[in-house]
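Shown next, in structure tokens, is the structure this report addresses.
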Amino acid sequence: MRIASLLPAATEIVGALGLGDDLAAVTFECDEPAGIRDRCPVVVDTVLAHGMTPADIDRTVRERAAAGLPMYELDRDTLARVDPDLILTQDLCRVCALPQASVDEAQESIGTRARVLSLDPHGLDDVFAAIHDVGAATGAVAAARDLVGGLTHRLDAVAAAVAGRPVPRVLVLEWTDPPFLPGHWVPELVSRAGGEAVGATPGGRSVAVEWDALPEPVDAVLVAPCGFGLDDAVAQARAVRDRLPAGVPVAALDSASFVVRAGPRLVDGVEAIAWALHPDAVPEPPPGRVVRL
Numbered sequence: 000m001r002i003a004s005l006l007p008a009a010t011e012i013v014g015a016l017g018l019g020d021d022l023a024a025v026t027f028e029c030d031e032p033a034g035i036r037d038r039c040p041v042v043v044d045t046v047l048a049h050g051m052t053p054a055d056i057d058r059t060v061r062e063r064a065a066a067g068l069p070m071y072e073l074d075r076d077t078l079a080r081v082d083p084d085l086i087l088t089q090d091l092c093r094v095c096a097l098p099q100a101s102v103d104e105a106q107e108s109i110g111t112r113a114r115v116l117s118l119d120p121h122g123l124d125d126v127f128a129a130i131h132d133v134g135a136a137t138g139a140v141a142a143a144r145d146l147v148g149g150l151t152h153r154l155d156a157v158a159a160a161v162a163g164r165p166v167p168r169v170l171v172l173e174w175t176d177p178p179f180l181p182g183h184w185v186p187e188l189v190s191r192a193g194g195e196a197v198g199a200t201p202g203g204r205s206v207a208v209e210w211d212a213l214p215e216p217v218d219a220v221l222v223a224p225c226g227f228g229l230d231d232a233v234a235q236a237r238a239v240r241d242r243l244p245a246g247v248p249v250a251a252l253d254s255a256s257f258v259v260r261a262g263p264r265l266v267d268g269v270e271a272i273a274w275a276l277h278p279d280a281v282p283e284p285p286p287g288r289v290v291r292l
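Numbering-wise (numbering that gives the first Met the number 0), the sequence shown opens with residue 0 and increments by one.
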């Protein structure tokens, strides 16, 4: 089977199901399985320039959205040459990935007859359902069942470790300029890690707020800027430290890999957040996931 993944989370799911060799096209952000962009052509790229600041990105996204311009570019010629049997995409967030409408238009223009599967999770259970859907679409039903079973077991272990402990009020910044409070599955990651994401919108969209309107009081701050890795998250956390509640512990997370990408590594994110909130209750995660400032 030839699989075109137009969503980094979908690429991760395919790899976790042991189907990495079936991937035939990916996006510029796909990095799991490791080295996948070296083997597969990149058919989705971004219009955002490398090295833009959070404020620059926010301004560009707002301007392009107001003008009805896309955030991503689909290489239709390459997709046509790949001639996939299955296309994995999404319709959840036009800022985060290529929307399904663009894929449907491309299919019509290039004449592909590939099956299109849209993955649009709002919570962890939806992510697990997406894994099962990909498994069913690729003939990897048993692998999907085993993968979800293992992830669920790890979540149960975290729940047992933090059970009965005080539940800290946690301010999560999903963006720092301007500040955004999280939505979709991010509040659930915090709750499963033994905290309460204050001001969040579980299952909904993240919301921009003013610095002086941040919820309080809080017991901890997690800086997890959407699409950024750990080094950038640390730098952004330090840049806004003076705007955060005084005396409150701050941690930065690799959001791109473990917080905002709706794939199996969200469970790694839960484990990292649990350690940030309850370091004496859960094992310290491997380096590269979270830093306590």
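Glycine is no exception: its CB is placed at the ideal position from the N, C-alpha and C atoms.
Cβ shell of residue i (< 6 Å), same chain only, five flanking positions each side left out
i: ALA207; result: PRO177, PHE179
i: VAL10; result: The residue you asked about is not Val; residue 10 is Thr in the sequence shown. These residues qualify, in order along the chain: SER4, VAL25, CYS29.
i: ALA251; result: VAL222, ALA232, VAL233, ALA236, VAL290
i: PRO40; result: ALA24, THR77
i: HIS49; result: none
i: VAL147; result: PHE127, ILE130
i: PRO32; result: GLY14, GLY19
i: PRO284; result: GLU270, ALA271, TRP274
i: ALA65; result: none
Coarse secondary structure for residue i, derived from DSSP in three states
i: THR10; result: helix
i: ARG260; result: coil
i: VAL81; result: helix
i: ASP279; result: coil
i: ASP76; result: helix
i: THR59; result: helix
i: ALA234; result: helix
i: MET0; result: coil
i: GLU296; result: Nothing about residue 296 can be reported from this structure: the residues present for the chain run from 0 to 292 only.
i: PRO286; result: coil
i: LEU22; result: strand
i: ASP218; result: coil
i: LEU252; result: strand
i: ALA15; result: helix
i: ALA54; result: helix
When the options are compared against residue i, the one with the closest alpha-carbon
i: SER205; options: PRO186, ARG191, ASP218; result: PRO186
i: ALA192; options: ALA232, ILE12, ALA156, LEU213; result: ALA156
i: ARG114; options: VAL220, ALA136, LEU85, LEU123; result: LEU85
i: ASP132; options: THR52, LEU123, SER117, HIS121; result: SER117
i: ASP230; options: ARG112, HIS277, ARG288; result: ARG288
i: LEU18; options: ASP76, ASP82, ALA142, ARG164; result: ALA142
i: GLY138; options: GLU195, GLN89, PRO282, ASP21; result: ASP21
i: VAL220; options: SER190, PHE27, LEU170; result: LEU170
i: HIS121; options: THR200, GLY34, ILE12, VAL166; result: THR200
i: PRO248; options: ARG144, TRP274, ARG164; result: TRP274
i: PRO282; options: ARG153, ALA129, ALA212, VAL166; result: ARG153
i: VAL166; options: GLY148, VAL189, ASP145; result: VAL189
i: GLY202; options: LEU172, THR59, PRO32, ASP119; result: ASP119
i: GLN89; options: GLY262, VAL266, PRO284, PRO278; result: GLY262
i: ILE12; options: ILE130, ARG75, GLY34, ASP57; result: ILE130
i: ARG38; options: ASP57, VAL81, ALA212, ALA65; result: VAL81
i: ASP145; options: PRO285, TRP210, LEU16, GLY34; result: LEU16
Contacts around residue i, its chain only, beta-carbon distance under 7 Å, and the 5 residues preceding and following it disregarded
i: VAL239; result: THR175
i: PRO53; result: TRP174, THR175, ASP176, PRO224, GLN235
i: VAL295; result: For residue 295 there is no data in the structure shown, the boundaries of the chain being 0 and 292.
i: ALA164; result: The amino acid at residue 164 is misidentified as Ala; the sequence shows Arg. Result list for ARG164: GLY193, HIS277, ALA280, in chain order.
i: TRP210; result: PRO178, ARG242
Beta-carbon gap between residue i and residue j smaller than 7 Å
i: ARG264; j: PRO7; result: no
i: PRO181; j: VAL217; result: no
i: TRP184; j: LEU123; result: yes
i: GLY194; j: LEU292; result: no
i: GLU72; j: ASP44; result: yes
i: SER254; j: PHE227; result: yes
i: GLY325; j: VAL258; result: Any property of residue 325 remains undetermined from this structure, which presents the chain solely from 0 to 292.
i: VAL161; j: ALA271; result: no
i: GLY134; j: VAL140; result: yes
i: LEU150; j: VAL266; result: yes
Contact set for residue i: own chain, Cβ-Cβ below 8 Å, skip 5 residues either direction
i: SER83; result: The sequence shown places Pro at residue 83, rather than the Ser named in the question. Closer than 8 Å at Cβ, skipping near neighbours: ARG1, ILE2, ALA3, ALA23, ALA24, THR111, ALA113.
i: PHE27; result: ARG36, VAL41, VAL43, ASP44, THR45
i: ALA136; result: LEU85, ARG114, LEU116
i: ARG58; result: none
The ligand PLP heavy atom lying under 6 Å from the CB of residue i
i: LEU123; result: Here there are no bound small molecules, and the ligand PLP is not part of this structure.
In the stretch 103-188, which residue ranges form an unbroken beta strand (DSSP E) of at least 3 residues, counting only runs that do not cross its ends? The qualifying runs are 114-117, 168-172, 178-180.
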